[in-house]
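Chemist: Numbering of the sequence shown is given in full-length UniProt numbering, commencing with residue 1 and proceeding in unit increments.
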Amino acid sequence: MRIFLLNALALLAFHTGDTPQPVHWTYQVDKVGNDVFRLIIHAALDEGWHIYAQRQPKKTTVKPTATSFHFLNSPLLTYEGPVKEEGKLFHYRDEETGIAQDQYSGNVVFTQVVRLRGHATVQLTGTVDYQVCTEKECLPPTTSSFSVSLSETGHDERASPDLKPKS
């Protein structure tokens with residue numbers, strides 16, 4: 001019995017390492033004005049996978065995990081408006097089941113305008129919560145962390161994403 005349990009645990013350990021990572025996140029900051037920056041978050045999805053839009057239809061029998069962004073509060077940063085998304089939006093509807101979902105495949109670009117208060121270099125830190133699916137399977141909802149530098153010099157600073165999503 002003990003050997004069976006050890007083998008089962010070993011198989012489980014190997015299996016969890018096989019989880020696909022079908023979303024590839026990149027982060028970029030562009031200076032667009034005096035103390036105004038645009039955070040650009042790019043999601044490249046592997047073929048066959050889709051990610052859910054931030055806003056989902058209200059009338060649906062199943063609510064997917066909509067993509068959402070959370071930014072750490074900083075007295076030096078002001079976020080202007082909601083995070084915008086751009087990509088090829090697909091409206092999935094199944095009249096029989098009552099499921100309605102908005103989703104993207106391929107590439108999606110999310111942007112957030114940020115105003116820097118004062119003359120400083122500040123780390124903008126946050127997380128993105130999301131879920132990805134294919135026609136046959138969905139991965140569990142995932143949280144991925146990121147951090148980018150905002151500087152009054154306006155240099156294009158690349159982010160240091162947390163490459164291992166937190167489930």
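A virtual CB, placed ideally from N, CA and C, is assigned to each residue, including glycine.
What span of residues does the beta strand (DSSP E) with Asn73 cover, start to end?
Modeler: Premise fails: Asn73 is in no beta strand (DSSP E) and is neither H nor E.
Chemist: Identify whether Glu135 lies in helix, strand or coil by the three-state DSSP scheme.
Modeler: Three-state DSSP puts Glu135 in coil, outside helix and strand.
Chemist: Compare the Cα-Cα distances from Ser151 to each of Gly126, Leu139, Thr19, Arg38 and report the closest residue.
Modeler: For Ser151, the nearest C-alpha among the options comes from Arg38.
Chemist: Apart from the five residues on each side of it in sequence, which residues of its chain come closer than 6 Å, Cβ to Cβ, to Ala100?
Modeler: Counting only Cβ-Cβ distances below 6 Å, and skipping sequence neighbours, we find Pro57, Thr60, Arg93.
Chemist: Quick one: what's Asp129 bridged to in DSSP?
Modeler: Answer is Ser68, Thr143.
Chemist: Out of curiosity, what's the CA-to-CA distance linking Pro20 and Asp129?
Modeler: Spanning the two alpha carbons is a distance of roughly 17 Å.
Chemist: Taking 7 Å as the cut-off, decide whether the C-beta atoms of His50 and Ser105 are in contact.
Modeler: Yes, the pair counts as a contact, with Cβ atoms nearer than the cut-off.
Chemist: Give the straight-line distance between the Cα atoms of Leu124 and Val36, rounded to the nearest whole angstrom.
Modeler: Their backbone Cα atoms lie some 13 Å apart in a straight line.
Chemist: Of the choices Thr26, Pro22, Asp18, whose alpha-carbon is the least far from that of Ser145?
Modeler: Nearest option by C-alpha distance: Thr26.
Chemist: According to DSSP, is Thr19 part of a helix, a strand, or is it coil?
Modeler: Residue state, collapsed to three classes: coil.
Chemist: Using the Cα positions of Val62 and Ala53, report the straight-line distance between them to the nearest angstrom.
Modeler: Computed Cα separation, rounded: 14 Å.
Chemist: Please go through the same chain and pick out, in chain order, the residues whose beta-carbon is closer than 8 Å to the beta-carbon of Pro75, but skip the five residues on each side of it.
Modeler: Hits under 8 Å: Arg117.
Chemist: Apart from the five residues on each side of it in sequence, which residues of its chain come closer than 6 Å, Cβ to Cβ, to Thr78?
Modeler: Around Thr78: Arg115.
Chemist: Would DSSP call Lys88 helix, strand or coil?
Modeler: Three-state result, Lys88: strand.
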